[in-house]
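S.K.: Sharing a structure with you now.
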Amino acid sequence: MKAKIYITLKNGIHDPQGQAVQQSLHTLGFDSVHDVRMGKLLELDLQDMEKESAEATIENMCKKLLANTVIEDFRYEIVET
Amino acid sequence: MNIGIIVFPGSNCDRDCAHVVSEVIGQTAHLIWHQDSSLNGMNAIILPGGFSYGDYLRTGSIARFSPIMEAVIDFAGRGGLVLGICNGCQILLEAGLLPGAMLRNKNVSFICEDVYVRVENADTPFTNTCQSGQVLRLPIAHADGNYYTDPVTLSALQANAQVVFRYCDKDGHSMPSMNPNGSIDNIAGIRNAKGNVLGLMPHPERCAEEILGNQDGRLIFTSLLASLIGNAALTV
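Put into structure tokens, the structure is as follows:
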């Protein structure tokens, strides 16, 4: 099975990279962009297991290593293959 | 005194720290590989600057799980003195030995320049040879030094005198315009509640000798030594 994990800065946390991208988009004339928030996408190839077990495992790895919950939120999708 | 300097893959200030420990304050420096699991009776530990594990995922996030870090966390828990410089500071944050986290610099650039910091608390094992309010000129060299913590934790840091250094101008005025990286409350260095762990983004080991044209950083190391000599009980 596969999992996609999205890690993003929490709302309210200043995102200097997102802001730089937004400014660059404005420079190119994309004035319709109000805000850009940057994050990370991790694609995991996991051994097959029960969905609940996979969710618990992913939550655990996110809290322990993949996200810093002081500044980041995470969400994920599990894809059965 | 025996001072251990942890070497992670990608550390690049470990030799500088060892040089200052041995040649400037005349103590014995031990380079300790991150795969080791014991500190073997060190009197103090330094986590040096660099780019451990290439700064992948988040700065310090992978180094924090190196085998030696269990021993460092245990050492700190028993009151041992731990100094984290730059990437070492980032590792201490990721390890939970210090509160908060580092964000990318507000200008999204790697900044390598001298800055001024004000000693906010001279009553710590790392600043006791400084004067309160003293201004130090120290180099910074980082892309992720934009310190962040939630408002409740920030209030606690301020109330407990855990903010040890703030960015300021050469006369000691700490103001937003002298903040190089966007760090909350101009914070350049903090200690833990117990006071035995300090993390700072500037590099005192790069300015601890006359030949380098600046000796302000020497004070951090002489303070550490004075603490160790003054309190043999800290030999844990």
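Listed in order, the protein sequences are those of chains A and B. So the first sequence is numbered by this note's numbering: it starts at 350 and just counts up by one. So the second sequence is numbered by this note's numbering: it starts at 3 and just counts up by one. Every residue, glycine too, gets a C-beta built ideally from N, C-alpha and C.
Using a Cβ cut-off of 9 Å, which residues of the region 98–122 of chain B contact any Cβ in chain A, in chain order?
M.R.: Those would be P101, G102, A103, M104, L105, R106, N107, K108, N109 and V110, in chain order.
S.K.: Can you confirm whether R60/B, when its beta carbon is compared against all beta carbons of chain A, has any partner nearer than 8 Å?
M.R.: Position 58 of the second sequence holds residue 60/B. Yes, because at least one Cβ of chain A sits closer than 8 Å to the Cβ of R60/B.
S.K.: In three-state terms, what does DSSP make of N409/A?
M.R.: Walking along the first sequence from the start, residue 409/A turns up at place 60. The answer is helix: DSSP assigns N409/A an H, G or I state.
S.K.: List the residues of chain A that E96/B touches, going by C-beta distances under 9 Å, in chain order.
M.R.: Here the question's residue 96/B lines up with position 94 in the second sequence. Neighbours of E96/B on chain A, chain order: N417.
S.K.: Helix, strand or coil: which one does DSSP assign to A235/B?
M.R.: Along the second sequence, read from residue 1 onward, the residue named residue 235/B stands at position 233. In this prediction, A235/B scores a pLDDT of 43, lower than 50, which makes its location untrustworthy; the coordinate-derived value is nonetheless stated afterwards. A235/B falls in the helix class under three-state DSSP.
S.K.: Buried or exposed for H375/A, please, with buried defined as at least 16 other CB atoms from any protein chain shown within 10 angstroms of its CB.
M.R.: One-based indexing of the first sequence puts residue 375/A at position 26. By the 10 Å Cβ count, H375/A comes out exposed.
S.K.: Looking only at its own chain, which residues have a Cβ that is under 6 Å from the Cβ of I362/A, when we skip the five neighbours before and after it?
M.R.: The residue labelled residue 362/A in the question sits at position 13 within the first sequence. For I362/A, where only same-chain residues beyond five positions count, the Cβ hits under 6 Å are I420.
S.K.: Distance cutoff 8 Å, beta carbons only. Does Q366/A sit that close to anything in chain B?
M.R.: Within the first sequence, the letter at position 17 stands for residue 366/A. Chain B, which has a Cβ nearer than 8 Å to the Cβ of Q366/A, makes this yes.
S.K.: Let me know the secondary structure DSSP gives M350/A once reduced to three states.
M.R.: Within the first sequence, the letter at position 1 stands for residue 350/A. Coil at M350/A, not helix or strand.
S.K.: For V117/B, which residues from the same chain have a beta carbon less than 7 Å from its beta carbon, with the 5 sequence-adjacent residues on both sides left out?
M.R.: Translated into the one-based positions of the second sequence, residue 117/B becomes position 115. For V117/B, where only same-chain residues beyond five positions count, the Cβ hits under 7 Å are L140, I142, Y169, P182 and P204.
S.K.: How long is the line joining the alpha carbons of A369/A and Q136/B, rounded to whole angstroms?
M.R.: Within the first sequence, numbered from 1, the residue matching residue 369/A stands at position 20. Within the second sequence, numbered from 1, the residue matching residue 136/B stands at position 134. Distance between the alpha carbons of A369/A and Q136/B: 36 Å.
S.K.: L414/A touches chain B at which residues, Cβ-Cβ below 9 Å?
M.R.: In the first sequence, the residue the question calls residue 414/A occupies position 65. Residues of chain B passing the Cβ test: L59, S63, I64, R66 and F67.
S.K.: At a Cβ cut of 8 Å, what residues of the region 139–171 of chain B count as close to chain A, listed as they run along the chain?
M.R.: From the region 139–171 of chain B, only N148, Y150, T151 and D152 have a Cβ closer than 8 Å to chain A.
S.K.: Residues of chain B with CB closer than 8 Å to the CB of I420/A, please, in chain order.
M.R.: Reading the first sequence from its first residue, position 71 is the one you call residue 420/A. Result: A103, L105 and Y150.
S.K.: Would you check if there are 3 or more beta carbon pairs closer than 8 Å linking the region 182–193 of chain B to the region 104–119 of chain B?
M.R.: Judged by Cβ distances under 8 Å, the region 182–193 of chain B makes contact with the region 104–119 of chain B, as three or more pairs qualify.
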